[in-house]
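Engineer: Below is a structure I'd like to ask you about.
Chains as they are written, first to last, in my numbering: chain A, 1 to 91; chain B, 1 to 1001.
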C-alpha cells in the first residue's frame, strides 16, 4: 500500500487511487490514416518494465483528477508525481 | 502419572490464582500466567499431538509462536471452536477445553500411526507419484486421502465473536518488546516521537526479563532486573503507547503494517461475551524498528522429534518464567553456549542435569566451567545418533564426531533421560524485514541470514539483526539508534555490560549417524513430517530451486511456515548441491507471520455489512409489496413480485402479459445518469458515441452505443438534449461508475481543450417507467397539464412538467417496444410519484414488474443487454447494429478498430435469434451451439445469451451469438444438453412487432 502524493490533494493512501496503465501514449489524431499495425501499436502494446516506469493514476475516490507518476516497479518507490500535460522529469 | 513439576515460585506466575482446564477431557490445574503448554508440562504432560503424515507422537517443543507440534483444537464442537492453536501461545483461563488434533481414537493410541511403520513407502512426492494415474481414479482415492489428512476441524456454525479494524498512525513503530525493542521505544519516545510498541506476548521484556544469572550483567545488576527498571520507566512515558498480546502479521511497502491485537482470548468464557475479540490494526508508521528477536534452531539427527525433546531455550523459559521443570533427568545437546545457560538455570533451581553433549571439541568458556563444577558430564566433540522411547524420550545414544564432522567414530554410548534440550544456535527472525522488501545477506561465521538493505525508513535491532548476546546488543543497538534518529547523545552509551557467553559454534546442518541416511528419521520440518532424507531425495530427482524443493517435500509449508527447520533445509540443500548458502537464497517469507482467523480479516464486514448495497428511493414500496430482489452491481433491484405463491416463472409471465396488454410500471431509478454541460457537449457526445449527435434537437432523445477503443461494445443508453449546451446521459445500471470514469479520462487527458463538465446525478433522481398500451392514460391522470399527443410529444422526446409543485422530466422512450414514458423526479419524491401512478392505474390493472420481466420484454424486441448479450468481444457490427455506426463521422472512440482485419471477419460470432423446434422448450442461457454433433471434436459455434418463454408470442425465444450467424438465417443448429439435443432455427433477433407499431399505439 503506497502513499501517493496527489498533485491536487496531497499525500493519500493508495486505496483512494486507481492505476491507469502506462503514461504518455497519445491517442492518434487521425486514426483512419494509420495502418492496422500502427493502430495495434497504439491500442495494445504496453511496456511492462521491472524498474522505472511512467504511469497514469487517477484519484478516483478523491478529486477524480488524472495525473502521472514515475514509479520503480521493483520496489514501488515513487520518484516523481506530475500533472497531465506537464513534461515528464528526465532520468 | 500426574506429578507436579512446579519447581519454584516465579514472579511471573500468580500461584494464589488457580485455574482449572481440560485437556483431552481430563481435568488439570494451572496458575494465572501459565500458557496451556507450561500448565501441561507442570502436570508432566508432554505428549500432546500426532504428526501430520506419520502420526508420530509429538510433544511441546518450544515456548513461542514457532511451535510446530503442540497445536490443539479449542472447545471442540462449540461455536467458539478453533483449530491449530499453539499450546505455547494460548494463556489458560477458567473453562478452557483443548484437545489433540490429527489422532484417532486418542493421542496415546492412534490408528494412523501405521503410517510410521509404512513410512519407507511414503517418501516425498508419494501422493503425486502414486495417485496420479489412472486420472479417473483420483475421485476414488481423494475421499480416503482427505479423510486421513488435515489438521484440526473448522467451526461449522457462525462465529459468535466480534472483530474490528482500526487505523493507527505513528512516528515510530517498534515491533517486539525484548531488550532491544525497549531500548528503541524509549529512545524514540524520549525524543518526542509518537511511538507505538507492539509485543506478541502478554508481558514485556522478552527473554532477558527472566535472565537472572550472574554471568550476564548490565551496570552491575542482572540483565533481568536492569531491564525491569527500564520497563517501569517507559510505562510512564505519555507519547509511548504499548500494546501487548499483539502480533504483527504483515509488513507491506511504505511502512504499512497489519497487526492483530488479541483482546479476549485469555479471558474466561463468560467474560468473552459481547466484547471485541481481535482488533486488526492497520498501522502507517513514519519509521519502523523491528526488534523481533531470534528463534533457536533445533539440531537434525535421527528421531529428533520425540515428546520430551525441546529447544534448550524453551526449557529455560519454562523454568525461569513459569517455574516448571520439563524433566527430572535432563540432558542437553548443543553446538554453542546457549544450552549451558539453560543448564545453569536448572542447576540453580535444584533440577537435575545429567549431561551435556556438545559437538564442539576443545571448547572452553566460563559457562562450561560452571556446569562442569556442578558434576555435569560434558561430552565434547560428540553427537546424538538416536533417541528412544515411544510416547516420551527415555534414552539417547551418542557417538564421537570425526574431525570433519561428517562421520561418527568410536563406540556407542547410551544415556537414559526424560528430557533432551537441543540447541543449534540462533536464527534471526527476519520474516517481517523481508516482507517489507528488505534484502538479506549471509554471515558465514555463524551461518545466519541478517538484514542487509532496507526498502523503507526502518531499522532492525538486536537478535533479529544478528546480535545474540547482551554485550553486542547494548553496543550495537546504541550505535544504530543514535544514527537512525540522528542523535548527538544517547543514554545507553556508557553502560557496563558483562557477558560470559563464548560465541563459538560448530554448525553441522545434518548430523551424522552410524546408520545410513535412508534408515533414519531426522526431521527438518516437524509439522509436515519432512525429513533430511526427503530433501536429499528431491535433489536426486532433479529439483534444484529451493522453492521447488519446498513444494515437493512440503518443508516449511505448515502453519508454522517452517520457522524452526527452514534454515536446515537450506543448509542440507547447500551441502548436497555444493551451492553457497548466500547464493541459494531463502524461500519467500509471506504474511501472515502467525496465522490469523478469517474473523480478524473480515472485521465488521459480516452479515448485512458484508458488502455495500444501494437502494432506490422506492425500495421500501417493493419490500412492502413482496418483491424478490436481485443484485445489479451494488444495487438491490426488484426482480419480480410474486402473488399468491407464484413461482418466478408464473410471476414473470403474468407481469409480461400485463405490460403488453394494459400497463406495467418499473422502477428504473438505478440507471446511471450523467449530467453533461458545456459549449462542447455536442462535440463530446459525437466523439464518445458511435452515432451522430450534432443534429439532435433540444427536447429530443437518442439511443447511443459506446465502444471501447478496441471497437467492442462498452455501454449503451438514451441521452436527452435538455438545452443548447445541456444533456442528460443514461447508462446501464452496472456500468454507470465506469462510464463516468472513462468519460472523465478522455476529457482530462486526450481532449482537455473541450469545454465539458460531467456530474453524476444517478442518486439525485428517481425514475418511474410506465409502459403499455394504457400508459398514456396513466400519465394523463398523473400530469393532466401535459400534452401527450403524438404530434406534441412523439416517441424519443422529452418535456419538463409538474406534478403538483414537483418539477419532473418526462421522456417518451421505450425499452420494451411498448408506448411508454419515464418520469424523473427529485429522488425523495420518487415513492409518491410511483404511488400516484399506481393509484391512477388501478382500473387498468397496472402491474409492477421487475428486472426479469424487463429482460423478457426487451428480448421479445431483440434489444440487447450490454454484458448479457455482449462480452468484451462484440462489436456493433457483430450485434447486427450497423445502423447505429456513423460512417460519416471522422472519428469516435473505437471507430478505427471496427476496420481492423480481425473485426471485419465475416465469421465472427454474431448476434442472432434462436427459435426452438418445440415452442415449449426453453433453452438454458450459456448452452453451447453446434452444427454437426457427429464431428469429433465437436465444433462450438457459439452460445445462448438470453432465453425466455414469451407469454405474448406463446413460444420460447432466445438470443445467442453464433459464428457467422448473420448468414445463417433459417438454418438448423443443435444445442447439445447432458441428456438430449435441442434443435433450433436461426432467426432475426427481433421477435415481436418488427414494424414498431406498438410504440405509437
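Cβ atoms here follow ideal geometry from the backbone N, Cα and C, with glycine treated the same way.
Closer than 8 Å is the cut-off here; do at least three beta carbon pairs connect the segment 710-721 of chain B with the segment 750-770 of chain B?
Structural biologist: Contact fails: fewer than three Cβ-Cβ distances are below 8 Å.
Engineer: In whole angstroms, give me the CA-to-CA distance for residue 25 of chain B and residue 610 of chain B.
Structural biologist: Taking the straight line from one Cα to the other gives about 37 Å.
Engineer: Taking 7 Å as the CB-CB limit, is residue 12 of chain A close to chain B?
Structural biologist: So no, residue 12 of chain A is outside the interface.
Engineer: Express the C-alpha separation of residue 983 of chain B and residue 972 of chain B in angstroms, rounding to a whole number.
Structural biologist: Going from the Cα of residue 972 of chain B to the Cα of residue 983 of chain B covers about 7 Å.
Engineer: Between the Cα of residue 861 of chain B and those of B:885, B:816, B:840, spot the shortest distance and give me the residue it belongs to.
Structural biologist: Considering only alpha carbons, the answer is B:816.
Engineer: For residue 548 of chain B, count neighbouring C-beta atoms within 10 Å of its own C-beta (all shown protein chains included) and say buried if the count is 16 or more, exposed if not.
Structural biologist: Exposed.
Engineer: When you compare the CB of residue 71 of chain A with every CB in chain B, is at least one pair closer than 7 Å?
Structural biologist: So, not an interface residue.
Engineer: Does the Cβ-Cβ distance between residue 83 of chain B and residue 152 of chain B come in under 7 Å?
Structural biologist: A contact, by the Cβ cut-off of 7 Å.
Engineer: Beta-carbon of residue 54 of chain B versus every beta-carbon of chain A: anything under 7 Å?
Structural biologist: No, no contact with chain A.
Engineer: Would DSSP call residue 715 of chain B helix, strand or coil?
Structural biologist: Reduced to three states, the DSSP call for residue 715 of chain B is strand.
Engineer: Let's see if you can read the secondary structure: which residues bound the alpha helix (DSSP H) around residue 781 of chain B?
Structural biologist: Per DSSP, residue 781 of chain B belongs to the alpha helix (DSSP H) from 775-782.
Engineer: Look at the alpha carbon of residue 779 of chain B and the alpha carbon of residue 762 of chain B, and state the distance between them as a whole number of angstroms.
Structural biologist: Going from the Cα of residue 779 of chain B to the Cα of residue 762 of chain B covers about 23 Å.
Engineer: What residues match up with residue 636 of chain B in a beta bridge as DSSP calls it?
Structural biologist: For residue 636 of chain B, which the question treats as bridged, DSSP gives the partners B:631.
Engineer: Quick one: measure Cβ to Cβ for residue 594 of chain B and residue 65 of chain B, integer angstroms, because I've assumed they're closer than 8 Å.
Structural biologist: With a Cβ gap of about 5 Å, residue 594 of chain B and residue 65 of chain B count as contacting.
Engineer: From residue 1 of chain B to residue 13 of chain B, what distance separates their C-alpha atoms?
Structural biologist: Reliability fails at residue 1 of chain B, whose pLDDT of 43 lies under 50, so the model's placement of it is uncertain and the value that follows must be treated cautiously. Distance between the alpha carbons of residue 1 of chain B and residue 13 of chain B: 24 Å.
Engineer: What is the DSSP secondary structure of residue 1 of chain B, counted as helix, strand or coil?
Structural biologist: Any answer about residue 1 of chain B is weak, because its pLDDT of 43 lies below 50 and its placement is not dependable; what the coordinates show is given next. Residue 1 of chain B: coil per DSSP, three-state reduction.
Engineer: May I ask which residues mark the beginning and end of the alpha helix (DSSP H) holding residue 525 of chain B?
Structural biologist: Careful: residue 525 of chain B lies outside any alpha helix (DSSP H), inside the beta strand (DSSP E) at 523-525.
Engineer: Taking the C-alpha atoms as reference points, what is the distance between residue 438 of chain B and residue 11 of chain A?
Structural biologist: Roughly 24 Å separates the two Cα atoms.
Engineer: Identify the continuous beta strand (DSSP E) that holds residue 66 of chain A and give its terminal residues.
Structural biologist: Where residue 66 of chain A is concerned, the enclosing beta strand (DSSP E) stretches over 66-72.
Engineer: Does any C-beta atom of chain B lie closer than 7 Å to the C-beta of residue 66 of chain A?
Structural biologist: So yes, residue 66 of chain A belongs to the interface.
Engineer: For a quick check, are the C-beta atoms of residue 458 of chain B and residue 248 of chain B less than 7 Å apart?
Structural biologist: No, they are not a contact pair.
Engineer: Just mark residue 555 of chain B as buried or exposed, buried being the case when its beta carbon has 16 or more other beta carbons within 10 Å.
Structural biologist: Per the 10 Å Cβ criterion, buried.
Engineer: Which runs of the alpha helix (DSSP H) fall wholly inside the segment 431-459 of chain B and span at least 4 residues, in chain order?
Structural biologist: Within the segment 431-459 of chain B, the complete alpha helix (DSSP H) runs of at least 4 residues are 431-435.
Engineer: Using the three-state DSSP reduction, which class does residue 48 of chain A fall into: helix, strand or coil?
Structural biologist: It is coil, neither helix nor strand.
Engineer: Beta carbon of residue 497 of chain B, beta carbon of residue 480 of chain B: below 7 Å?
Structural biologist: In this structure, residue 480 of chain B does not lie closer than 7 Å to residue 497 of chain B by Cβ.
Engineer: Within a Cβ cutoff of 6 Å, which residues of the same chain sit near residue 841 of chain B, ignoring the five residues on either side of it in sequence?
Structural biologist: Excluding sequence neighbours, residue 841 of chain B sits near 663, 778.
Engineer: So which of B:371, B:392, B:158 has the shortest CA-CA distance to residue 58 of chain B?
Structural biologist: Per the Cα distances, B:392.
Engineer: Please compile the residues from chain B whose C-beta is within a distance smaller than 7 Å of the C-beta of residue 17 of chain A.
Structural biologist: Residues of chain B passing the Cβ test: none, with the nearest at roughly 12 Å.
Engineer: Taking C-beta pairs closer than 8 Å, name the residues in chain B that residue 85 of chain A reaches, listed in chain order.
Structural biologist: Within chain B, the residues near residue 85 of chain A are 752.
Engineer: Is it right to say residue 1017 of chain B is buried, meaning 16 or more other beta carbons lie within 10 angstroms of its own, or is it exposed?
Structural biologist: The question about residue 1017 of chain B has no answer, for chain B in this structure spans 1 to 1001.
Engineer: When you compare each of B:310, B:214, B:736, B:878 to residue 67 of chain B by their alpha carbons, which one comes out closest?
Structural biologist: Ranking the options by Cα distance to residue 67 of chain B, first place goes to B:310.
Engineer: Compare the C-alpha of residue 652 of chain B against each of B:440, B:853, B:826 and name the closest.
Structural biologist: Cα-wise, what sits closest to residue 652 of chain B is B:853.
Engineer: Could you give the first and the last residue of the continuous beta strand (DSSP E) run that contains residue 704 of chain B?
Structural biologist: Residue 704 of chain B -> beta strand (DSSP E) spans 701-707.
Engineer: So within the segment 729-756 of chain B, which uninterrupted alpha helix (DSSP H) runs reach at least 4 residues, ignoring any that extend past its ends?
Structural biologist: Listed in chain order, they are 736-745.
Engineer: Compare the C-beta of residue 290 of chain B against all C-beta atoms of chain A and say whether one is closer than 7 Å.
Structural biologist: No, because no Cβ of chain A sits closer than 7 Å to the Cβ of residue 290 of chain B.
Engineer: Report the CB separation of residue 836 of chain B from residue 770 of chain B in whole angstroms; it is logged as a contact under 8 Å.
Structural biologist: About 11 Å separates the two Cβ atoms, so there is no contact after all.
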